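Presented below is the structure to which this report refers.
Numbering (the numbering used here), first residue to last: 2 to 246.
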């Protein structure tokens with residue numbers, strides 16, 4: 002083999018080795034990111050994940066689903082697809098025997114989703130949704146957040162973890178169906194920030210604001226504040242009204 006041919010051969014071998022190292026490094030990084038994402042959301046490759054569908058409140062049929070909630074399910078399905086999980090879809094009024102035996106995404110507020118109502122009652126006692134003035138107003142931490150439909154809407158996004166061995170449940174509780182979709186998209190895009198703030202297995206509850214949904218759809222979402230401590234603690238009892246003289 003001449004000197005030129007030998008140099009060419011060495012260059013080819015070096016390129017193959019370099020390409021193999023880059024490919025292997027990229028694969029390791031992708032697998033590492035996948036494992037972190039699976040650890041945060043709960044599903045394993047080939048495992049099942051529960052999607053709880055809300056009803057369309059304005060429809061007579063209990064099994065009607067708003068198109069924004071259907072779109073939110075597709076956004077969540079992309080998360081499950083990346084994690085290699087299989088979705089199991091149930092309607093909000095179906096009895097599901099079990100809690101925390103598989104990861105769960107529960108969409109919609111308590112009026113539209115009975116399972117959300119149960120989560121709020123049993124795990125998020127510091128949150129109240131609805132009241133004498135507006136049934137969708139979200140109250141937490143001593144503050145009330147009403148909805149101005151298509152202008153300013155709010156959503157609670159919570160990760161519920163009862164103990165270290167349980168699978169997490171994500172409650173996506175918007176004041177409107179488009180707020181549900183906005184919160185689902187926020188969870189998909191901002192899960193790294195949530196993981197950094199609360200850990201892989203930590204629970205959290207954040208309040209989100211959706212701006213000008215009539216013009217921007219579910220795209221403009223702001224974090225109002227982290228309400229984890231207030232949401233998971235019982236709300237302080239209201240002082241009784243003074244007896245009239």
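Think of the CB as a built atom: it goes at the ideal place given N, C-alpha and C, for glycine as much as any other residue.
Remember, it's a predicted structure, so these values are computed and weren't measured experimentally.
In chain order, what residues of the same chain lie with their CB nearer than 6 angstroms to the CB of residue i, ignoring the 5 residues before and after it?
| i | result |
| --- | --- |
| residue 167 | 101 |
| residue 55 | 70, 93, 108, 109, 113 and 114 |
| residue 31 | none |
| residue 163 | 101 |
| residue 258 | Summary: the structure shown does not reach residue 258, with the chain confined to residues 2 through 246, and so no result is reported for it. |
| residue 86 | 44, 48 and 50 |
| residue 228 | 141, 142, 206 and 208 |
| residue 185 | 73, 76, 77 and 173 |
| residue 46 | 85 |
| residue 171 | 106 and 160 |
Looking only at DSSP bridge pairs, what is residue i linked to?
| i | result |
| --- | --- |
| residue 92 | 54 |
| residue 227 | 207 |
| residue 160 | 171 and 205 |
| residue 84 | BP columns for residue 84 are empty, so no partner. |
| residue 140 | 129 and 145 |
| residue 41 | Answer is none; residue 41 lacks a bridge partner. |
| residue 155 | 210 |
| residue 105 | 51 and 170 |
| residue 112 | Note: residue 112 sits in no beta bridge, so no partner. |
| residue 222 | 211 |
Hey, would you say residue i sits closer than 9 angstroms to residue j, going by beta carbons?
| i | j | result |
| --- | --- | --- |
| residue 202 | residue 165 | yes |
| residue 106 | residue 173 | yes |
| residue 209 | residue 183 | yes |
| residue 158 | residue 77 | no |
| residue 73 | residue 190 | no |
| residue 213 | residue 222 | no |
| residue 161 | residue 124 | yes |
| residue 126 | residue 84 | no |
| residue 225 | residue 146 | yes |
| residue 63 | residue 152 | no |
Quick one: is residue i buried, meaning 16 or more other Cβ sit within 10 Å of its Cβ, or exposed?
| i | result |
| --- | --- |
| residue 120 | buried |
| residue 231 | buried |
| residue 154 | buried |
| residue 237 | exposed |
| residue 176 | buried |
| residue 116 | buried |
| residue 169 | buried |
| residue 149 | exposed |
Residue i by DSSP, collapsed to three states: which one?
| i | result |
| --- | --- |
| residue 236 | coil |
| residue 1 | With the chain running from 2 to 246 in the structure shown, residue 1 is simply not present. |
| residue 63 | coil |
| residue 49 | strand |
| residue 129 | strand |
| residue 135 | coil |
To which residues of the same chain is residue i closer than 7 angstroms at the C-beta, ignoring the five residues directly before and after it?
| i | result |
| --- | --- |
| residue 180 | 154, 155, 156 and 211 |
| residue 199 | 205 |
| residue 41 | 192, 196 and 201 |
| residue 136 | 112 |
| residue 39 | 45 and 84 |
| residue 81 | 44, 50 and 88 |
| residue 219 | 179, 182, 183, 186 and 211 |
Considering only residues of the same chain and omitting the five flanking positions on each side of residue i, which have a CB-CB separation below 8 angstroms?
| i | result |
| --- | --- |
| residue 89 | 49, 50, 51, 52 and 103 |
| residue 37 | 196 and 201 |
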